[in-house]
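**Student:** Right, I'll just put the structure down here and ask away after.
Protein chains: 2
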Amino acid sequence: MKILNNPPHITEAESEVMKLLWQKEPLTAIEIISKLKDQMDWSDQTIKTFLNRLHKKKAIRFEKSGRNYLYYPLVTYDEYVKAANRSFLDRMYNGAVGMLFAKFLEEEKLSESEIDQLQQLLEKKKKGGS
Amino acid sequence: MKILNNPPHITEAESEVMKLLWQKEPLTAIEIISKLKDQMDWSDQTIKTFLNRLHKKKAIRFEKSGRNYLYYPLVTYDEYVKAANRSFLDRMYNGAVGMLFAKFLEEEKLSESEIDQLQQLLEKKKKGGS
DNA sequence: ACTCAACGTTTACGGCCGTAAACAATTAGA
DNA sequence: TCTAATTGTTTACGGCCGTAAACGTTGAGT
């Protein structure tokens with residue numbers, strides 16, 4: 001019995017709206033619009049479009065409380081990241097996580113402490129590995 | 001003095017053409033078209049379009065040798081993967097490799113041997129870290 | 001010299017995405 | 001009750017992408 005369907009696809013611009021909602025929920029339209037207007041240099045109309053599209057694809061919902069509309073995310077950050085990761089992993093590495101790690105390790109410089117952290121994560125994974 | 005510009009953006013469909021060329025170079029148009037026709041169920045025209053677009057964006061080049069056209073990649077697989085990785089890393093994790101690793105480790109199951117392999121890679125990185 | 005096949009080039013078209021204007025509805029306050 | 005502000009909805013438009021038809025060129029063989 002499958003309950004959770006795949007989260008809807010959230011585009012990069014739309015994700016800016018979601019990021020706000022993942023930080024604090026709910027937000028009013030004014031809050032969302034004014035913040036993104038600054039940060040992203042978007043017009044109000046543009047932001048309204050994204051809110052509308054996100055609503056249509058059921059990534060957010062809103063309630064009206066008097067004159068204010070309150071926005072809530074319906075897709076969690078984790079669902080979003082997970083879906084994006086999966087899709088990238090499949091596209092680029094045919095699902096082979098090992099390959100992905102190897103490539104990133106080869107390309108990106110990691111500080112010693114980052115490496116230590118990863119080693120600890122791997123150790124934990126080895127034991128409790130869920 | 002900058003010599004290498006960023007590689008052009010190669011879309012998913014286009015990458016199917018590139019994959020062939022990364023396996024064996026050069027290839028003739030017939031080879032490319034007939035292979036993708038089967039594998040991808042694309043029409044000849046579609047494949048020609050991709051060849052053309054890839055050429056326009058300088059991801060491939062071709063030579064005419066008599067009646068045959070020979071295709072060569074201009075973008076290497078490594079450049080392609082590297083650019084895609086960078087772009088994904090920036091988009092999703094703001095460039096923080098550590099975060100990316102943590103998320104993938106959390107989500108994907110790794111076999112014990114894969115974990116061992118990664119640990120070795122990390123060890124090597126720690127010492128010789130290029 | 002002419003024709004057919006092998007290729008490249010141009011044009012097209014619907015869908016998604018970033019961007020935004022214009023229109024509609026509703027409600028708090030004058 | 002009228003108005004202005006707040007917010008949602010509809011429509012638009014150019015660019016990229018997947019998909020493909022139509023057209024043009026050139027060279028090998030007749």
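Protein sequence lines correspond, in order, to chains A and B. Throughout the first sequence, residue numbering follows our numbering, covering 1 to 130 in sequence. Throughout the second sequence, residue numbering follows our numbering, covering 1 to 130 in sequence. We put the beta carbon where it would ideally sit given N, CA and C, even for glycine. The structure presented is a predicted model; accordingly, all values stated were derived computationally and were not measured.
The alpha helix (DSSP H) that contains L100 of chain A, what's its start and end?
**Tutor:** It spans 97-107 - the alpha helix (DSSP H) in which L100 of chain A sits, taken as one unbroken run.
**Student:** Could you tell me how far apart the beta carbons of V97 of chain B and L110 of chain A are, in whole angstroms, since I believe they sit closer than 8 Å?
**Tutor:** Contact holds; Cβ gap of about 6 Å.
**Student:** Which residues of the segment 102-122 of chain A have a Cβ closer than 8 Å to any Cβ of chain B? Give them in chain order.
**Tutor:** From the segment 102-122 of chain A, only A102, K103, F104, L105, E107, E108, K109, L110, E112, E114, I115, Q117, L118, Q119, L121, L122 have a Cβ closer than 8 Å to chain B.
**Student:** DSSP beta-bridge partners for L70 of chain A?
**Tutor:** The partner list for L70 of chain A (beta bridge, DSSP) reads A:T28, A:E63.
**Student:** Does any C-beta atom of chain A lie closer than 8 Å to the C-beta of G66 of chain B?
**Tutor:** G66 of chain B does not count as touching chain A.
**Student:** Let's test the definition: count the other Cβ atoms within 10 Å of the Cβ of Y72 of chain B and tell me whether it reaches 16, buried, or not, exposed.
**Tutor:** The residue is exposed, with fewer than 16 neighbouring Cβ atoms inside 10 Å.
**Student:** Are the segment 50-68 of chain B and the segment 75-82 of chain A in contact at 8 Å, needing three or more beta carbon pairs?
**Tutor:** These segments do not touch.
**Student:** How many angstroms separate the CA atom of N52 of chain B from the CA atom of G66 of chain B?
**Tutor:** Cα to Cα, N52 of chain B sits roughly 20 Å from G66 of chain B.
**Student:** Check each residue of the segment 85-96 of chain B: if its Cβ is closer than 7 Å to any Cβ of chain A, include it; give the result in chain order.
**Tutor:** Answer set for the segment 85-96 of chain B: N85, F88, R91, M92.
**Student:** Against chain B, which members of the segment 26-57 of chain A pass a CB distance test of less than 8 Å?
**Tutor:** Answer in chain order: no residues at all.
**Student:** Please check if any C-beta of chain B sits within less than 8 Å of the C-beta of K19 of chain A.
**Tutor:** It does not: the Cβ of K19 of chain A has no partner Cβ on chain B nearer than 8 Å.
**Student:** When you compare each of A:E108, A:K127, A:E123 to K125 of chain B by their alpha carbons, which one comes out closest?
**Tutor:** Answer by Cα proximity: A:E108.
**Student:** How close, in whole Å, do the beta carbons of L27 of chain A and L36 of chain A come, if the pair is a contact with beta carbons under 8 Å?
**Tutor:** With 8 Å as the limit, L27 of chain A and L36 of chain A do not qualify as a contact, their Cβ atoms being about 11 Å apart.
**Student:** By Cβ distance, which residues of its chain are closer than 7 Å to L74 of chain B, with the 5 residues on each side in sequence left out?
**Tutor:** Within the same chain, L74 of chain B has close Cβ partners K58, A59, I60, R61.
**Student:** What residue from B:N5, B:P7, B:I32, B:E63 has the CA that sits closest to E16 of chain B's CA?
**Tutor:** Nearest of B:N5, B:P7, B:I32, B:E63 to E16 of chain B, Cα basis: B:I32.
**Student:** Compare the beta carbon distance of M92 of chain A and A29 of chain B with 8 Å and say whether it is the shorter of the two.
**Tutor:** No, the Cβ-Cβ distance between M92 of chain A and A29 of chain B is not below 8 Å.
**Student:** Is the Cβ of K126 of chain B closer than 8 Å to any Cβ of chain A?
**Tutor:** So yes, K126 of chain B belongs to the interface.
**Student:** So which residues on chain A does V81 of chain B lean against when the C-beta distance must stay under 7 Å?
**Tutor:** Going along chain A in sequence order, the residues near V81 of chain B (Cβ under 7 Å) are M92, K103.
**Student:** If the cut is a Cβ gap below 7 Å, which residues of chain A does E16 of chain B touch?
**Tutor:** Per Cβ cutoff of 7 Å: no residues; E16 of chain B is ~11 Å from chain A at best.
**Student:** Residues in its own chain within less than 7 Å of F50 of chain A by CB, not counting five upstream and five downstream?
**Tutor:** Around F50 of chain A: A13, E14, V17.
**Student:** Rounded to the nearest angstrom, what separates K64 of chain A and L70 of chain A at their Cα positions?
**Tutor:** Straight-line Cα distance between these residues: approximately 6 Å.
**Student:** Beta-carbon of L100 of chain B versus every beta-carbon of chain A: anything under 8 Å?
**Tutor:** So, interface residue.
**Student:** Could you work out which residues of chain A lie near E12 of chain B, taking near to mean beta carbons separated by less than 7 Å?
**Tutor:** Under the 7 Å cutoff, chain A gives R91.
**Student:** Beta-carbon separation of L89 of chain A and L105 of chain B under 8 Å?
**Tutor:** No, Cβ-Cβ distance for L89 of chain A and L105 of chain B is not below 8 Å.
**Student:** Taking the straight line between their C-alpha atoms, what separation do you get for P8 of chain B and L54 of chain B?
**Tutor:** Roughly 9 Å separates the two Cα atoms.
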